[in-house]
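Peer 1: First residue of the sequence shown? That's 13 in our numbering, and the numbers climb one at a time after it.
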Amino acid sequence: MCAPSVIAAALAGMSRRDALHFAAGVVAGVACVACSTGASGAADEPLDANPPPAVPGAKRTIAATNVLDLTHTLSPTFPIWPGNEPIKLTNKGTFAKNGFYSNRWDVGEHHGTHLDSPSHCSPGITAEKIDPASLVAPAAIIDIRERVKKDTDAAVNIDDLKAWEKAHGRLPKGCAVCLNSGWDANAGNAKAFLGTDAGGKLHFPGFSKPAAEFLATERDVAGLLVDTLSIDTGAATDFAVHKVWLGAGKWAVECVANLGKVPPSGATVFVGAPKVQAASGGPTRVLALWG
Ligand SMILES: [Zn+2]
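#1: For the alpha helix (DSSP H) holding tryptophan 257, just list the boundary residues, first then last.
#2: For aspartate 196, which residues in the same chain have their Cβ closer than 6 Å to its Cβ, ignoring the five residues on either side in sequence?
#3: Are there any heavy atoms of ligand 1 lying less than 8 Å away from the beta-carbon of serine 193, as far as the coordinates show?
#4: Does the beta-carbon of serine 131 have 16 or more other beta-carbons within 10 angstroms, so that it is buried, or is it exposed?
#5: Answer yes if the region 152 to 159 comes into contact with the region 242 to 250, meaning at least three C-beta pairs across the two stretches below 8 Å, and no otherwise.
#6: Taking buried to mean at least 16 other C-beta atoms within 10 Å of its own C-beta, is serine 220 buried or exposed?
#7: Between the C-alpha atoms of glycine 194 and lysine 109, what's the straight-line distance to the nearest angstrom?
#8: Should asparagine 201 be labelled buried (16 or more other beta-carbon atoms within 10 Å of its own) or exposed?
#9: For a test of your reading of the model: does the CB of aspartate 128 fall under 8 Å from any non-hydrogen atom of ligand 1? Yes or no.
#10: Could you give the C-beta distance for alanine 149 and alanine 260, rounded to a whole number, given that I count them as a contact under 8 Å?
#11: Where do the ends of the alpha helix (DSSP H) carrying aspartate 172 lie?
#12: Could you pull the start and end residues of the beta strand (DSSP E) that valine 281 belongs to?
#13: Cutting at 6 Å between CB atoms, please list the residues of its own chain near lysine 100, excluding the five before and the five after it.
#14: Between which two residues does the alpha helix (DSSP H) carrying glutamate 225 extend?
#15: For the region 92 to 99 against the region 249 to 260, are there 3 or more C-beta pairs whose distance is under 8 Å?
#16: Between leucine 236 and alanine 199, is the Cβ-Cβ spacing less than 9 Å?
#17: Spell out a yes or no on whether the region 276 to 287 and the region 161 to 174 are touching, meaning 3 or more CB-CB pairs, one atom from each, closer than 8 Å.
#18: Let me check one thing: in DSSP terms, what residues is glutamate 266 bridge-paired to?
#19: Return yes when the C-beta of aspartate 218 is under 8 Å from any heavy atom of ligand 1, and no when it is not.
#20: Would histidine 180 pass as a contact of alanine 152 if the rule is Cβ separation under 9 Å?
#21: Which value, in whole angstroms, describes the spacing of the CA atoms of threonine 73 and threonine 229?
#22: Please list the terminal residues of the continuous beta strand (DSSP E) segment that includes asparagine 78.
#23: Leaving aside the five residues before and after cysteine 190 along the sequence, list all residues of the same chain whose C-beta is less than 6 Å from its C-beta, in chain order.
#24: Between Ala167, Phe282, Glu121 and Cys187, which has its C-alpha nearest alanine 247's C-alpha?
#25: Should alanine 5 and glycine 186 be called a contact, given that it needs their Cβ atoms to be closer than 9 Å?
#26: Buried or exposed for leucine 59, going by 16 or more other Cβ atoms inside 10 Å?
#27: Secondary structure at valine 160, three-state DSSP: helix, strand or coil?
#28: Taking only runs that begin and end inside the region 83 to 109, name each unbroken beta strand (DSSP E) of 3 or more residues, in chain order.
#29: What residue range is occupied by the uninterrupted alpha helix (DSSP H) comprising leucine 299?
#30: Taking the Cβ atom as the reference point for each residue, do glycine 303 and glycine 278 lie within a distance shorter than 9 Å?
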């Protein structure tokens, strides 16, 4: 954390807009330090546990002029994987009758906009053990909407990732690579969202196995976001991307909304991953921030 004198000196040389961004970064820095120590308060962890910036002397700033919700509202009609029970909502109290309003949720961990922890498809850490610093990530939006119009089985491939890097520079350290296929527009229609064909096979976009391998081994990426039901394509039956990606100790968020409104580079995503004991994942609030 910066001492007040350092903050004052830095602000003196900035425009008002830059200063606001700097201040947001300081606030985010406070939040990151706070969450790095854990909500239960690990007293033995030093406050400077937050990792230093990659470039010596550089400060991490998070612009927040725009805050966009990337989360679908979860309801009993939200599309879910075949064979699962939809969320069940039971009222447990109304203000008029009980003096408080409260419900009970019976919900699967992979319902709605949700996290897949590394433990989901192979041995790995469960959701509550994910490094909180990895959940605040620069966003790289990979837009394959044009290809999806002609091919609902389209997958992000290495060429898509290289094309993004040609336009925006190398994928930033610790980033979240986000698939924008435009599929979130189908979320109100389960049959369209699953892309179920006459034979019961699913069809929707995802990542290719080579792209997942490239991101897991050639780049420093924290997580994947997809606007479909799975990081694999719907037609994939071997779940190769799940195995490669989660098996590498990374997280993913599926059923994300609104990626078409986020700039292709320069935004930051906050992934509100659930902190439930031994969770394989869980419904998650995801926000995008940018200047
Ligand atoms: Zn999942």
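Glycine is no exception: its CB is placed at the ideal position from the N, C-alpha and C atoms.
Small disclaimer: the values here were computed from a predicted structure and weren't measured.
Peer 2: On the basis of the supplied data:
#1: Residue numbering aside, residue 257 sits at position 245 when the sequence shown is read from its first letter. That run of the alpha helix (DSSP H) goes 252 to 259.
#2: Position 184 of the sequence shown, counted from the first residue, corresponds to residue 196. For aspartate 196, where only same-chain residues beyond five positions count, the Cβ hits under 6 Å are Asp239 and Ala269.
#3: Start at 1 with the first residue of the sequence shown, and residue 193 comes out as number 181. For ligand 1, not one heavy atom lies less than 8 Å from the Cβ of serine 193.
#4: In the sequence shown, residue 131 corresponds to position 119, counting from 1. Answer is buried; the Cβ neighbour count reaches 16.
#5: no
#6: The residue you call residue 220 lines up with position 208 of the sequence shown. Its Cβ being crowded by 16 or more others within 10 Å, serine 220 is buried.
#7: Walking along the sequence shown from the start, residue 194 turns up at place 182. Walking along the sequence shown from the start, residue 109 turns up at place 97. Glycine 194 and lysine 109 have their alpha carbons spaced roughly 43 Å apart.
#8: Residue 201 sits at position 189 when you count from the first residue of the sequence shown. Flag for asparagine 201 reads exposed.
#9: Taking the first residue of the sequence shown as position 1, residue 128 is located at position 116. Yes; taking the cut-off as 8 Å, the Cβ of aspartate 128 has a heavy atom of ligand 1 nearer than that.
#10: Numbered from 1 along the sequence shown, position 137 holds the residue referred to as residue 149. Numbered from 1 along the sequence shown, position 248 holds the residue referred to as residue 260. Their Cβ separation, rounded to whole angstroms, is 16 Å, which puts alanine 149 and alanine 260 out of contact at 8 Å.
#11: Taking the first residue of the sequence shown as 1, we reach residue 172 at position 160. DSSP places aspartate 172 in the uninterrupted alpha helix (DSSP H) bounded by 170 to 180.
#12: Numbered from 1 along the sequence shown, position 269 holds the residue referred to as residue 281. Looking at the DSSP string, the run of the beta strand (DSSP E) that includes valine 281 is 280 to 284.
#13: Reading the sequence shown from its first residue, position 88 is the one you call residue 100. Taking C-beta separations shorter than 6 Å and ignoring five residues to either side along the sequence, the partners of lysine 100 in its chain run Asp118, following chain order.
#14: Within the sequence shown, the letter at position 213 stands for residue 225. 221 to 229 is the extent of the alpha helix (DSSP H) around glutamate 225.
#15: no
#16: Walking along the sequence shown from the start, residue 236 turns up at place 224. Walking along the sequence shown from the start, residue 199 turns up at place 187. Taking 9 Å as the Cβ cut-off, leucine 236 and alanine 199 do not qualify as a contacting pair.
#17: no
#18: Residue 266 sits at position 254 when you count from the first residue of the sequence shown. Residue pairing of glutamate 266 in beta bridges, as defined by DSSP: His126.
#19: In the sequence shown, counting from the first residue as 1, residue 218 sits at position 206. Per the sequence shown, residue 218 should be read as glycine rather than aspartate. Checking the Cβ of glycine 218 against ligand 1 gives no.
#20: For the purposes of this step, residue 180 is identified with residue 168 of the sequence shown, where counting begins at 1. For the purposes of this step, residue 152 is identified with residue 140 of the sequence shown, where counting begins at 1. In contact: histidine 180 and alanine 152 (Cβ atoms closer than 9 Å).
#21: Working through the sequence shown from its first residue, we reach residue 73 at position 61. Working through the sequence shown from its first residue, we reach residue 229 at position 217. C-alpha separation (whole angstroms): 27 Å.
#22: Numbered from 1 along the sequence shown, position 66 holds the residue referred to as residue 78. Counting along the chain, the beta strand (DSSP E) containing asparagine 78 begins and ends at 78 to 81.
#23: Here the question's residue 190 lines up with position 178 in the sequence shown. If we look at cysteine 190 and ignore the five residues flanking it on each side, its Cβ neighbours are Ala151, Ile153, Leu237 and Leu271.
#24: Sequence index remark: in the sequence shown, residue 247 carries index 235 (1-based). The shortest Cα separation from alanine 247 among Ala167, Phe282, Glu121 and Cys187 belongs to Ala167.
#25: Here the chain covers residues 13 to 303 and nothing more, so residue 5 does not appear.
#26: Residue 59 sits at position 47 when you count from the first residue of the sequence shown. At leucine 59 the pLDDT is 40, less than 50, meaning the model places this residue with poor confidence; the figure from the coordinates comes in the next sentence. Exposed: under 16 other Cβ atoms inside 10 Å.
#27: Translated into the one-based positions of the sequence shown, residue 160 becomes position 148. The answer is helix: DSSP assigns valine 160 an H, G or I state.
#28: 100 to 105
#29: Here residue 299 refers to the residue found at position 287 of the sequence shown. Looking at the DSSP string, leucine 299 is not in any alpha helix (DSSP H); the run it does join, the beta strand (DSSP E), is 297 to 302.
#30: Start at 1 with the first residue of the sequence shown, and residue 303 comes out as number 291. Start at 1 with the first residue of the sequence shown, and residue 278 comes out as number 266. Contact flag set, yes.
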